[in-house]
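K.L.:
Start counting the sequence shown at 70; every next residue gets the next number (this note's numbering).
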Amino acid sequence: MAEATADQAGEIPFPHLADRQGSEGPVETGFAPDYGVDEEHVAGAELMEFGAEALLAQFHAQLHAGTPWFEAMLDCIREWESPRETIDGREYVYLIEHEAFDWLLLAERICDSAPPGLLPLHEVEALLVDESPPVPLSEVEFQERLGTAKYWAHLNFLYGVRVEQALHLAMERILQKERSGLSFSHARDELDGDVFGRIYGARQRDLLREYRAAANRHDADPERIEHSEWQAFTYWLFRRRLERQDPARVASDTRQGMEMLYELEAAKQRRQRRRAAESERPAHESDVIDGVLVAVG
């Protein structure tokens, strides 16, 4: 859904990003406000938790009633309001910076809640690992199923996290080409530093320190970063780039990221086709030649 293509790389919409000065109010995302751990809003958090449990119970009931699992899951996502949860010590952050929605993470959470035997595991794995839904949806259909607010928040995540990460890979490849055969003489942290320096004008560790200060994460471990924080850090980098670079540079860098994302998606689809072809081969190390089943090996 909302995959970048070579043609789309010329158009760079940044939908529904929040006004940092707050003059336009919060962006509508389809989620309840994220109050964090402020005790003043504990009651509201409890209500959101209750809402999540009720939605999961409804999802399970739909599965028992025979509703296709992907349809039932999208219904659950559309109604979901909790922007984050902590389950068994793991932090699930579905809504980053109050505006970027990681719908696949929420899909994972919903699918994990299902009782054993109710979901086709191969289809769930294809969705969560390969981002291959069991039923193809157009962008219009996907927007209708998520709801407009969540769909725009999903696009924010696509551009602000996925494309931004792809931009890092694109810049890494550019730097490696510049160094030609000397690339292996550089330590990995040097390459990362150059990638971040080339894009953002500062080293990764300094940017991470700046992000944590802005996010009041002063107690974070300086030697490690959790996945949820890395996603939020990436989105913060995206916003920082939009705010500090001139529009032409923003467009150029984002186009590079989109082209890399398209390249990665094309490579993934080739791997999927190859695996599908291999799975259709006759069993017992046999092969088909001119329509005749013959043993090989």
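Even for Gly, the Cβ is constructed at its ideal location relative to N, Cα and C.
Using CA atoms only, rank isn't needed, just tell me which of ALA222, ILE268, GLU292 is closest to ARG25.
P.N.:
Residue 25 cannot be examined here, being either before or after the span of the chain that is shown, 70 to 366.
K.L.:
Can you find the residues in the same chain that come closer than 8 Å, C-beta to C-beta, to ALA176, ignoring five residues on each side of it along the sequence?
P.N.:
Within the same chain, ALA176 has close Cβ partners MET142, ILE146, LEU196, LEU197.
K.L.:
Quick one: what's got a C-beta closer than 6 Å to GLY120's C-beta in the same chain, skipping five residues either side?
P.N.:
Closer than 6 Å at Cβ, skipping near neighbours: GLU150.
K.L.:
Could you check where the alpha helix (DSSP H) with GLU194 kicks off and where it finishes?
P.N.:
Its alpha helix (DSSP H) spans residues 190-199.
K.L.:
Determine the extent of the beta strand (DSSP E) in which ARG159 is found, giving its start and end residues.
P.N.:
First-last of the beta strand (DSSP E) with ARG159: 159-162.
K.L.:
Given a cut-off of 8 Å on the beta-carbon distance, is the pair GLU367 and GLY158 in contact?
P.N.:
As shown, the chain starts at 70 and ends at 366. That puts residue 367 outside it, with no answer to give.
K.L.:
Could you have a look at THR155 and say whether DSSP puts it in helix, strand or coil?
P.N.:
Strand.
K.L.:
Just how far apart, CA to CA, sit ALA183 and PRO137?
P.N.:
So the alpha carbons of these two residues sit roughly 13 Å apart.
K.L.:
SER92 to GLU168, Cα distance in whole Å?
P.N.:
Low confidence applies here, because SER92 scores a pLDDT of 46, under 50, leaving its location unreliable and the question unanswered by this model.
K.L.:
With H, G and I counted as helix, E and B as strand and the rest as coil, what does DSSP make of ALA176?
P.N.:
Of the three classes helix, strand and coil, the one that applies to ALA176 here is helix, per DSSP.
K.L.:
Locate the alpha helix (DSSP H) running through TRP149, then write down its first and last residues.
P.N.:
Segment: none, TRP149 is in no alpha helix (DSSP H) and carries neither H nor E.
K.L.:
What is the DSSP secondary structure of ILE165, counted as helix, strand or coil?
P.N.:
Correct three-state label for ILE165: strand.
K.L.:
Which whole-angstrom value is the C-beta distance of ALA235 and LEU330, which I expect to be below 8 Å?
P.N.:
Confirmed, Cβ separation roughly 4 Å.
K.L.:
If the criterion is Cβ atoms closer than 8 Å, does the pair VAL204 and TYR304 meet it?
P.N.:
No, they are not a contact pair.
K.L.:
Quick check on the DSSP output: what are the complete alpha helix (DSSP H) runs of length 4 or more inside the stretch 279-364, in order along the chain?
P.N.:
Listed in chain order, they are 296-313, 316-348.
K.L.:
Which first and last residues belong to the alpha helix (DSSP H) in which TYR220 is found?
P.N.:
It spans 217-226 - the alpha helix (DSSP H) in which TYR220 sits, taken as one unbroken run.
K.L.:
May I have the straight-line CA-CA distance separating ALA130 from PRO185, to the nearest angstrom?
P.N.:
Cα-Cα distance, rounded: 14 Å.
K.L.:
Locate the alpha helix (DSSP H) running through LEU236, then write down its first and last residues.
P.N.:
Note, LEU236: alpha helix (DSSP H), 233-248.
K.L.:
So for PHE100, helix, strand or coil by DSSP?
P.N.:
Coil at PHE100, not helix or strand.
K.L.:
Rounded to whole angstroms, what's the CA-CA distance from PHE170 to ARG343? Just pull it up for me.
P.N.:
If you take the alpha carbons of PHE170 and ARG343, they lie about 31 Å apart.
K.L.:
Ignore the nearest five residues each way along the sequence and tell me which others in LEU244's own chain have a CB closer than 6 Å to its CB.
P.N.:
These residues qualify, in order along the chain: ASP263.
K.L.:
On the criterion of 16 or more Cβ atoms from any shown chain inside 10 Å, does HIS223 qualify as buried, or is it exposed?
P.N.:
Buried.
K.L.:
Quick one: residues in its chain with C-beta nearer than 6 Å to the C-beta of GLU166, no 5 flanking neighbours on either side, listed in chain order?
P.N.:
Once the five neighbours on either side are set aside, the close Cβ partners of GLU166 are TYR304.
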